[in-house]
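The structure appears right after this line, and notes come after that.
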Amino acid sequence: MGLVEDFNSYRSKMNDKIMDSDSLIIKRIFNLDTNAYAEGHLDVKSKELIGLTCSLVLRCDDCVKYHLGKCKEVGFTTSEVHEAMGVATLVGGTIVIPHLRRAFEFWEELQNV
268 MGLVEDFNSY RSKMNDKIMD SDSLIIKRIF NLDTNAYAEG HLDVKSKELI GLTCSLVLRC
328 DDCVKYHLGK CKEVGFTTSE VHEAMGVATL VGGTIVIPHL RRAFEFWEEL QNV
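Structure, rendered in structure tokens:
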């Protein structure tokens, strides 16, 4: 499997295990996360771009991969994603660059899925 399939498979498998633990706190956190990205005063595309840039600044590779997948789903172009990642790198500083490399690689593979 490739990067995208590996990530999605692992995420799905582990999310199922987490939900099977029947932790009310975790279920509420997952629900809050889902609802935060739903259409509201901001549209879904804007929220996904915010999620992507914040994830890069916070250097969470799993979060970056997730939001890149969502960015593809909602129709962002490569140029739009690259520009947003540029802003995130500016805000986060050079420590973001290793995560930026992995983000570019993941986005590239997403284009072939």
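The numbering of the sequence shown is this note's numbering, which starts it at 268 and goes up by one. Glycine included, C-beta positions come from ideal geometry on N, C-alpha and C.
Query - Boundaries of the alpha helix (DSSP H) in which Y333 is found, first to last residue - result: Taken as a continuous stretch (DSSP letters only), the alpha helix (DSSP H) holding Y333 covers 328 to 340.
Query - Check whether V324 and A370 have beta carbons under 8 Å apart - result: Not in contact: V324 and A370 (Cβ atoms no closer than 8 Å).
Report task. Return helix, strand or coil for S290, following the three-state DSSP convention. Result -> In the structure shown, S290 falls within a coil segment according to DSSP collapsed to helix, strand and coil.
Query raised in the report: Should the region 357 to 364 be regarded as contacting the region 332 to 347, the criterion being three or more beta carbon pairs within less than 8 Å?
Result: The region 357 to 364, when compared against the region 332 to 347, does not touch it at the 8 Å Cβ threshold.
Query raised in the report: So is Y277 buried or exposed if we call it buried at 16+ other beta carbons inside 10 Å?
Result: Classification of Y277: exposed, given that the 10 Å Cβ count is below 16.
Query raised in the report: Just the Cα atoms here: how many angstroms apart are S288 and F274?
Result: Between S288 and F274, the C-alpha separation is close to 21 Å.
Query raised in the report: Which residue from L270, I293, F373, I292 puts its Cα closest to that of V348?
Result: Ranked by how close their Cα comes to the Cα of V348, the residues L270, I293, F373, I292 have F373 in first place.
Report task. Return the CA-CA distance between E350 and L316, expressed in angstroms with no decimal places. Result -> Those two C-alpha atoms are separated by around 10 Å.
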